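These notes are about the structure you will find just below.
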Amino acid sequence: EVIIYNRVLSTNEQTQVLGYLRRKYGIDPNTTTNSYVWVKVPRIAGSTDSIWAYWGNPGTTAPNYTTNGATWVNGYRSVYHGAVFGANNDLADSTINRFAATNENVLTTYVTGAVDGAVMIDAENEAFRVPPMSRAGFSAGLWYSFDSVGPDSGWNTIFVRSGGTYHHILINDASRNIGFYNAAWYDSGVPLTLGNLYHIYLVVNGNNAQMYLNGRLIQTSASFFDNTLYPLNCISTLGAGSQAAYGKLDE
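Residue numbers for the sequence shown, in the working numbering: -1 to 249.
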């Protein structure tokens, strides 16, 4: 059994965990012993491949690939962890590309998220500007907590080409359905519930798009806009401070 926490436990919490292990497995938690863990990986190529786990040892130096972007090399353009920031509270890109997402007025840059930390969008002018991703085929996704609707028509923008009517992922203010906007509203027919956490994933190939919600395909359309002409370059807000995401954004 593996128990992982994203924070340091209090002394009382540590005692509770040790008591749980003692009752369930009949072992003395203060005794050093072996732990056998099943880990699913794509493949092990040979006898020289290894899986390493690091935690709680200040005397150990983590390998370079944990910080130099080498982990995200197979087709990843940018990866933004909601708890990793650079200068001016820009979102740091964990890939070797180092395409930082520029912070535009986002004040609450660390809240509890689905995966460690998240950023909170709670004002119309808050967004992260990313280098234009002008590919005809791409995929993009995130964890999103739908916390509220905004005062400016209430539409919640998640991914967008800033400054135009080309929203990659958008939530309708009246129905609260999720979909996209290509000079007109394309509705998935699936509503989101305020206060709920969702994993949203978009796959685009030219004018064809598929949207997934919590792993389930909810929209297929052949009417998506040309992302090479209207590239994704903004997380939250249509531009000029309107239609922000109003929720927590996480990796």
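Cβ coordinates follow ideal geometry from the N, Cα and C atoms, glycine included.
Here the structure is a predicted model, which is why all the values come from computation and not from measurement.
Contact between Val113 and Val104 does not hold, since the beta-carbon distance rounds to 18 Å and is not under 8 Å. Under the DSSP definition of a beta bridge, Thr65 lacks any partner. In the DSSP assignment, Pro189 falls within the unbroken beta strand (DSSP E) covering Trp183 to Pro189. Phe126 is positioned such that its CB atom lies closer than 8 Å to that of Ala99. When DSSP states are grouped into helix, strand and coil, Val15 belongs to the helix group.
In the DSSP secondary-structure assignment, Ser219 is bridged to Ala207. Look at Trp141 here: in three-state DSSP terms it is strand.
When DSSP reads this structure, Glu102 sits in a beta bridge with Ala125. In the three-state scheme derived from DSSP, where H, G and I count as helix and E and B as strand, Thr9 is classed as helix. Inclusion of Ala243 and Thr155 in the CB contact set at 8 Å is warranted, their separation being smaller than that value. Annotated as distal: Ile198 and Val128, with beta-carbon spacing of 8 Å or more.
By the C-beta criterion, the segment 77 to 89 is judged not to be in contact with the segment 205 to 214, since fewer than 3 inter-stretch pairs fall below 8 Å.
In the structure shown, Asn72 adopts coil according to DSSP, grouped into three states. Contact between Ile176 and Leu211 holds: their C-beta atoms lie close to 7 Å from each other, under 8 Å. As computed with DSSP, His79 is found in no beta bridge at all. By the Cβ neighbour-count rule, Gln12 is exposed, with fewer than 16 other Cβ atoms within 10 Å of its own. Around the CB of Ile119, 16 or more other CB atoms lie within 10 Å, so the residue is classed as buried. Counted as a single uninterrupted DSSP element, the beta strand (DSSP E) harbouring Thr155 occupies residues Asn154 to Arg159. Here the alpha carbon of Gly148 sits roughly 30 Å from the alpha carbon of Ser92.
The bridge partners DSSP lists for Asp248 are Trp141.
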